[in-house]
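This report concerns only the one structure given below.
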Amino acid sequence: MNLPDNLFKHALSDGKQQVGLWVSLCSPFAAEMIAPAGYDWVVLDMEHAPNNLDNVLGQLQAFKPHHTTALVRPEWNDPVLIKRLLDLGAEGLVLPMIQSVEEAEQAIAATRYPPRGIRGVSGSTRANHFGRVTDYFSRIEDELPVILQLETQQAIEQAEAIAAVDGVSGIFFGPADIAADMGYLGKPMEPAVWDVILPAAKKLMAKGVPVGTLVMDADFAMKLLGEGFNFVACGMDASLLTKGSDALLAKVRGAV
């Protein structure tokens with residue numbers, strides 16, 4: 432048995448734009464509802480959602496039969512957690528709050544086996560079909576997307592150097608935290624925030640670095656894709672449920 436190609440990583444390499452969704456309901460059942468929709472990628476969020484390894488596993492299993500690449504965002508750039516998520520079969524990682532080249536190098540090292548990194552070795556994991564994937568060790572570096580999040584002005588100032596670290600698959604701009612860092616807490620769509628993000632993103636695009644983000648506005652997501660962003664998440668499962676339930680109740684009550 433051979434390791435399959437990672438659809439998301441190859442799409443980024445080929446310059447194909449990818450539309451995603453944030454998944455934070457921590458439920459394999461909810462993940463099964465989303466999986467057939469056809470998003471190119473999703474992020475199973477452990478940073479701001481009460482996910483644990485057990486329910487992340489269930490969600491990975493829900494997405495596996497579909498063509499959606501299930502990335503996982505751990506709560507921190509922690510090599511132990513990264514190791515466990517990779518052994519669990521995460522199809523890629525989105526690593527939060529990378530602040531420097533050194534932190535980027537540490538993140539990449541956690542995803543690489545020695546001598547190129549520090550990932551612990553196990554011969555039988557879900558990631559390698561319990562030892563049945565015979566080329567796992569030789570190919571996983573090439574098939575694993577590692578996306579680094581820049582979430583402060585300090586990080587954005589170092590964007591090009593961080594992106595140049597060997598093994599970085601793409602840069603993700605976190606507008607909510609960037610906004611907070613700029614004094615616009617709770618206002619990620621503030622024009623001043625995007626006046627910081629967009630020039631940095633365009634510099635990376637010019638160097639061929641895939642760039643992405645999460646926004647909660649479909650029109651703005653389309654605008655970013657039109658400006659060359661490579662991967663954009665256009666919403667979150669929890670927000671879809673919240674807004675949908677609110678809108679339904681308001682419509683029915685408004686008619687009574």
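Numbering of the sequence shown is given in the working numbering, commencing with residue 432 and proceeding in unit increments.
From the three backbone atoms N, C-alpha and C, an ideal C-beta is built for every residue, glycine too.
- For T583, no beta strand (DSSP E) run applies, since DSSP gives it neither H nor E.
- Membership of M464 in any beta strand (DSSP E) is not indicated; the residue belongs instead to the alpha helix (DSSP H) covering P459 to I465.
- Look at the stretch 516-543 and you find these whole runs of alpha helix (DSSP H), each 4 residues long or longer: 532-541.
- C-alpha of F568 to C-alpha of E522: approximately 15 Å in a straight line.
- Excluding sequence positions up to five before and after L491, its CB lies within less than 6 Å of the CB of A501 and G520, all in the same chain and listed in chain order.
- With a cutoff of 9 Å on beta-carbon distance, V532 and V596 are scored as near each other.
- Below 8 Å, too few C-beta pairs join the stretch 545-556 and the stretch 607-621 to call them touching: fewer than three.
- For V487, the CB contacts under 8 Å within the same chain, skipping 5 residues up- and downstream, are L475, M477, V503, L516, L519 and A521 in chain order.
- Per DSSP, reduced to three states, the secondary structure at W507 is coil, with no helix or strand assignment.
- Out of P459, N508, I513 and L512, the CA that lies nearest to the CA of F494 is found in P459.
- Ranked by Cα distance from I587, the options I571, A632 and E574 are led by A632.
- Residue pairing by DSSP places A501 opposite V473 in a beta bridge.
- Secondary structure note for L456: it is in no beta strand (DSSP E), with a DSSP letter that is neither H nor E.
- In the three-state scheme derived from DSSP, where H, G and I count as helix and E and B as strand, G643 is classed as strand.
- Between N437 and E572, the gap from beta carbon to beta carbon reaches 9 Å or more.
- Taken in chain order, the complete alpha helix (DSSP H) segments of 4 residues or longer contained in the stretch 625-687 are 649-657 and 668-686.
- Taking C-beta atoms as the reference points, G601 and P576 count as a pair closer than 9 Å.
- In the assembly as shown, N482 is a buried residue. Its beta-carbon has 16 or more other beta-carbons within 10 Å.
- Residue pairing from DSSP places Q449 in a beta bridge opposite F662.
- For the set A681, V642, A686 and D677, the Cα lying nearest the Cα of K440 is the one of V642.
- Residue nearest to V511 within the set G551, S676 and S555 is G551 (criterion: CA-CA distance).
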